[in-house]
Amino acid sequence: MEAASSVSNKTFLITASPHLGGQDTTPKIMWSVVGSLVPIVAASIFFFGPSSFLVIFASCAGALLVEQFLGPKSALSDGSAVITGLLLGLTLPPGLPMWMAFVGGAFGIGFGKLIFGGLGQNIFNPALLGRAFLQAAFPVALTTWPAIGGPWWSLRGDNFAFPLMSASTDVLTGATPLGLMKFEQVATDNVDLIMGSIGGSAGETSGLIILICGAYLAFRNHLNWRIPASILLTVALMAGGLHLLDAARYPGPFFMLFSGGLMLGAVYMATDMVTSPTTNLGCWLFGFGIGFLVVVIRLWGGLPEGVMYAILLMNAMVPFINRATQPRVFGTKLKQVVS
Amino acid sequence: MDDTLKTFRQGVHPPELKTLTEHSRIRRMPFPDEVVLPLSQHTGKPAKLLVRVGDNVERGDKIGEADGFISAPVHASATGKIEEIGLWPHPNGSHSPAVRIKVDKYSPQTPRGRTVPDWHGLSPDEIRTAVKNAGVVGLGGAAFPTHVKLTPPEGAKIDTLVLNGCECEPYLTSDHRTMAEYPDRVILGTRIMMTCLGVNHTMIGIEKNKPDAIEALTAALPSDLNITIHPLTVKYPQGAEKMLIDALLKREVPSGKLPLDAGVVVQNVGSIATIAEVFETGLPLIERIVTVTGKGINEPSNLIVPVGTKLRDLIEMCGGLKEDAFEIVFGGPMMGAAQANLDVPLLKGTSGVVVLSEDECKRAETHACIRCGHCLDACPVFLNPQRLGALARAGRYEEMNDYHLADCMLCGCCSYTCPSNIPLSQLFQVAKKALWKRQVA
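As given, the protein sequences belong to chains P and X, one line each in that order. Here the first sequence stands for residues 349 to 687, where the numbers follow the working numbering. Here the second sequence stands for residues 183 to 623, where the numbers follow the working numbering.
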């Protein structure tokens, strides 16, 4: 009776079932995404020197400060604002003045996320919304790409331009592979494309590293692999088909896949859980839409690059995609009832 | 034997946690000082009381009669004297009418001489009646009266009997041990059921993490019956009737209908073994095999105990609680009910008692839904728990019907998988209850 009497004055937890929970938590997912971005940030710093770090740092600072002061209490700990800051920084030209990157980060969190009600409520990817804002506000600065090469430690632009001032443009500028293709019909070497020694945004360097980091996230079920698979497949097939029709006019699929922001967009931007469909079929459709729009904008649009607008446009479609792709509930709409 | 692993689509894979008891032999325990027998131990109407305070009853005597078709009788699980009839804490959280029997310490507890019916000569109807009179209910948890399942409606054609040996809940091992230690009884029960239902094929579904159970049953298979054993992927909720039928037969039970509508009767292996016992010994369902386990109990065990044994006594039989015992669950940790009162009795349908430790129950903070879609990937019946959860939190219960709330079986996969720790399944329980109350009112 010893045991019985010792338990009788103990109180127990009473909760509804299930009494066990899984291992994943939302902050864990977010921080693992942040962790997986580290090699990409490192590659960016390797290719573009300290400028890249300064830009990414500034966009993170903008995102984090707004989240901290205007967001819900202790929202910083969930890691989502860090992702927005890092991703935005990676889409910007490394020579961008820091204050612009800061404004972009602040806008992305403030108007891309908090205004909708915070984490989970936003329609558009906050990082891309921040970039779209910058592109509209500072079109020249956003398309000034530093030339590749030069000493590693040299700044690739006027990173320290005084706030509200434009950058002085006394640095060497270059062009992105997509720009070269579009405006000068110059192709870029495939090996350079994969390895990343090309001009462009801070994160538009090594497609290979981005793919590896994405595979890690997909393996941990922290991103839905169907989205990048569908985007890349659509782009490859469409570009391949067009290339077959007119090889002189349309670049091959390999170039299309590894140039510009497609890898970063497909693996990290489009897979943002909040702004992508919740159904797996929806993810395939979503990716197809993005891939299609990317090719259309790149080949026939006025801009050399279309990943950002493709993803933002498809973000707007997500509620419709979700509604249209709800799976059939088990045991309903059966063709014939087995008796 | 079919070597390919079958399963259903989606679901989750919680830690199995069965090593605590999966190899411990079933032990028969001495009788406790008293047993408490609620008149409602099954789905359906509570039994009608047949005894009065002060009556002496013998083990196996009927003390409550089935009230209507969907109901089951209740029998005394020990020889003794009825001390009290009144409201008693019930594992479902209420106080419900129950009979408390002071167990006669000096009784040998041998049941009254009774005639064991020879089932060979019985008609299906007579078998059903015998099963009903023995108070047999589903031992897997839902405690649905077995005779109801054995009574297909006019015109229904049953072609397959499915035996549920999945035991997909973490921790539980009572069905596992039943199959490993009493394979002949499972086969005899199957034989009787096949005769009763007039089916000539039985499929036994067992998750492949029970190799000794699969081996024992395979060895016991008779040559004259078409019984097939199917190892299944270890996945929760493999043991849900509709999921099991889908896995084994690729048939979907229509929404809102019963397995009967898909031509199948599903029986838990424990219930099948009990049916065999009824025809072997003539004793009704008065004792059962239960797994008492968990990180918070000193000696996790598989026990045979009388129905009505109090939780307090069960804990004592297993060496008492550990310091960090935090939550006690009747049934498995995924769908079982937490217990507040140690005086609650073990019911016919209680397959396990799981004592969870503090670190297992500690809930992380709830975060905002990030629409990751993991719940949609987990739901075995393809609902949209994300949308349902948003509606439930807003109190828009009526709208939840349009999203097929009725098809939710509260398996808990969505809550389990949710990284934001949103209590989805728990919200659905509340919503279902609220809707049911509005419907009644």
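Ideal placement from N, C-alpha and C gives every residue a C-beta, glycine not left out. Here the structure is a predicted model, which is why all the values come from computation and not from measurement.
Legend entry - Among D372(P), E415(P), N572(P), Y657(P), the one whose alpha carbon lies nearest that of F450(P): E415(P)
Legend entry - Residue nearest to L440(P) in terms of C-alpha spacing, selected from L402(P), L424(P), F459(P), L633(P): L402(P)
Inset, instruction - Report yes or no: is there a C-beta of chain X within less than 7 Å of the C-beta of A364(P)? - result: yes
Inset, instruction - Following the continuous alpha helix (DSSP H) through F395(P), name the residue where it begins and the one where it ends. - result: 374-396
Inset, instruction - Pick out the complete alpha helix (DSSP H) segments inside the segment 391-479 of chain X, 4 residues or longer, and give them in chain order. - result: 393-402, 423-431, 451-463
Legend entry - DSSP-derived helix/strand/coil call for A406(P): helix
Inset, instruction - Might you give, ordered along the chain, the residues of its own chain that have their beta carbon closer than 6 Å to the beta carbon of H195(X), omitting 5 neighbours on each side? - result: K417
Legend entry - Local Cβ density within 10 Å of H556(X), reported as buried at 16 or more and exposed below that: buried
Inset, instruction - Determine whether the Cβ of I542(P) lies closer than 7 Å to any Cβ atom of chain X. - result: no
Inset, instruction - Return the bridge partner residues of G387(X) from the DSSP annotation. - result: N346(X), H412(X)
Inset, instruction - Starting from K615(X), follow the alpha helix (DSSP H) in both directions and report where the run begins and ends. - result: 606-622
Inset, instruction - Look at the alpha carbon of G421(X) and the alpha carbon of C350(X), and state the distance between them as a whole number of angstroms. - result: 6 Å
Inset, instruction - Measure the beta-carbon distance from C596(X) to C543(X) and round it to whole angstroms, keeping in mind my assumption that it falls under 8 Å. - result: The Cβ separation is near 19 Å, so there is no contact.
Inset, instruction - For S353(P), count neighbouring C-beta atoms within 10 Å of its own C-beta (all shown protein chains included) and say buried if the count is 16 or more, exposed if not. - result: Per-residue confidence for S353(P) stands at a pLDDT of 43, beneath the threshold of 50, marking its modelled position as unreliable; the derived number appears in the next sentence. Exposed, because fewer than 16 other Cβ atoms sit within 10 Å of the Cβ of S353(P).
Legend entry - 6 Å CB neighbourhood of L693(P) in its chain, flanking five on each side removed: The displayed coordinates of chain P run from 349 to 687. Any statement about residue 693(P) would go beyond what the structure contains.
Inset, instruction - Tell me, please, whether the CB atom of T553(P) is closer than 7 Å to any CB atom in chain X? - result: no
Legend entry - Spatial distance of I638(P) from L477(P) (CA atoms): 16 Å
Inset, instruction - Report back the beta-carbon spacing between G635(P) and I575(P) to the nearest angstrom; my notes put them in contact at under 8 Å. - result: 5 Å
Legend entry - Under 7 Å between C-beta atoms of G456(P) and I404(P): no
Legend entry - Residues near D620(P) in its chain [Cβ-Cβ closer than 6 Å; skip 5 each side]: N473
Legend entry - N523(X) versus N346(X) - alpha carbon distance: 31 Å
Legend entry - Burial state of I486(X) (16 or more Cβ within 10 Å): exposed
Inset, instruction - Give the straight-line distance between the Cα atoms of E547(X) and G518(X), rounded to the nearest whole angstrom. - result: 22 Å
Legend entry - Chain-order list of residues whose beta-carbon lies under 7 Å from that of A395(X) (same chain, five-residue window excluded): G347, H358, M361, A362, I388
Legend entry - Supposed close pair T463(X), T355(X) - CB separation, criterion 8 Å: Rounded, the Cβ-Cβ distance is 24 Å, inconsistent with contact.
Inset, instruction - For H586(X), decide whether its Cβ has a neighbour in chain P, counting only Cβ atoms nearer than 7 Å. - result: yes
Inset, instruction - Could you tell me which chain X residues have their CB closer than 7 Å to the CB of N507(P), listed as they occur along the chain? - result: Near N507(P) there are no residues of chain X at all, since even the closest Cβ is about 33 Å away, more than 7 Å.
Inset, instruction - Go to I510(X), then tell me how far its beta strand (DSSP E) extends in each direction, as first and last residue. - result: 507-512
Inset, instruction - Per DSSP, which residues does M220(X) bridge with? Please list them. - result: Residue identity check: residue 220(X) is Pro in the sequence provided, not Met. DSSP lists A280(X) as partners of P220(X).
Legend entry - Start and end residues, alpha helix (DSSP H) containing V644(P): 628-648
Legend entry - Through-space distance from K244(X) to A588(X), alpha-carbon basis: 36 Å
Legend entry - Beta-bridge partners of R209(X), as assigned by DSSP: L485(X)
Inset, instruction - Count the CB pairs spanning the segment 560-578 of chain X and the segment 602-621 of chain X that are closer than 8 Å, and state whether there are at least three. - result: yes
Legend entry - As assigned by DSSP and simplified to three states, the class of M183(X): Low confidence applies here, because M183(X) scores a pLDDT of 44, under 50, leaving its location unreliable; read the following figure in that light. Of the three classes helix, strand and coil, the one that applies to M183(X) here is coil, per DSSP.
Inset, instruction - Measure the alpha-carbon distance for G577(X) versus S305(X) and round it to whole angstroms. - result: 52 Å
Inset, instruction - Using 10 angstroms around the beta-carbon of M513(P), count the other beta-carbons present and answer buried if the total reaches 16, otherwise exposed. - result: exposed
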